[in-house]
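Asker: This is the structure I want to talk about, given as structure tokens.
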Amino acid sequence: MYRYDEFDAAFVAGRTAQFADQVKRRLSGELSEDQFRPLRLMNGLYLQLHAYMLRIAVPYGTLSSKQMRMF
């Protein structure tokens with residue numbers, strides 16, 4: 000099973016913070032839906048019949064029980 004190291008954790012934290020900022024900007028009206036669309040698609044957030052679906056990547060397709068509890 001793939002084990003995250005400090006680099007991975009820092010990278011994920013940085014990307015999460017970046018996307019959270021983009022979402023805040025969209026909700027505040029700073030970004031239009033047309034401006035936000037490529038950002039959300041790059042991050043696996045899809046609009047399906049008026050509801051959002053989040054696609055997540057799982058390294059090697061396996062998760063530990065500890066990782067599952069984080070979701």
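Quick note: the sequence shown uses numbering that gives the first Met the number 0, first residue 0, plus one each step. Glycine included, every Cβ here is placed at the ideal spot set by N, Cα and C. All values reported here derive from a predicted model rather than from experimental measurement.
#1: With three or more beta-carbon pairs closer than 8 Å as the criterion, would you say the region 57–69 touches the region 0–12?
#2: Starting from L62, follow the beta strand (DSSP E) in both directions and report where the run begins and ends.
#3: Can you give, in chain order, each stretch of the alpha helix (DSSP H) that sits fully within the region 16–44 and has at least 4 residues?
#4: Across which residues does DSSP place Y3 in a beta bridge pair?
#5: Please name the residue or residues paired with L48 in a DSSP beta bridge.
#6: Cutting at 6 Å between CB atoms, please list the residues of its own chain near N42, excluding the five before and the five after it.
Answerer: In this structure, then:
#1: yes
#2: In the sequence shown, residue 62 corresponds to position 63, counting from 1. Taken as a continuous stretch (DSSP letters only), L62 belongs to no beta strand (DSSP E), as it is neither H nor E.
#3: 32–41
#4: Indexing the sequence shown from 1 puts residue 3 at position 4. Partner(s): none; Y3 has no beta bridge.
#5: The residue labelled residue 48 in the question sits at position 49 within the sequence shown. For L48, which the question treats as bridged, DSSP gives no partner whatsoever.
#6: Position 43 of the sequence shown, counted from the start, is the residue given in the question as residue 42. The answer, listed in chain order, is F18.
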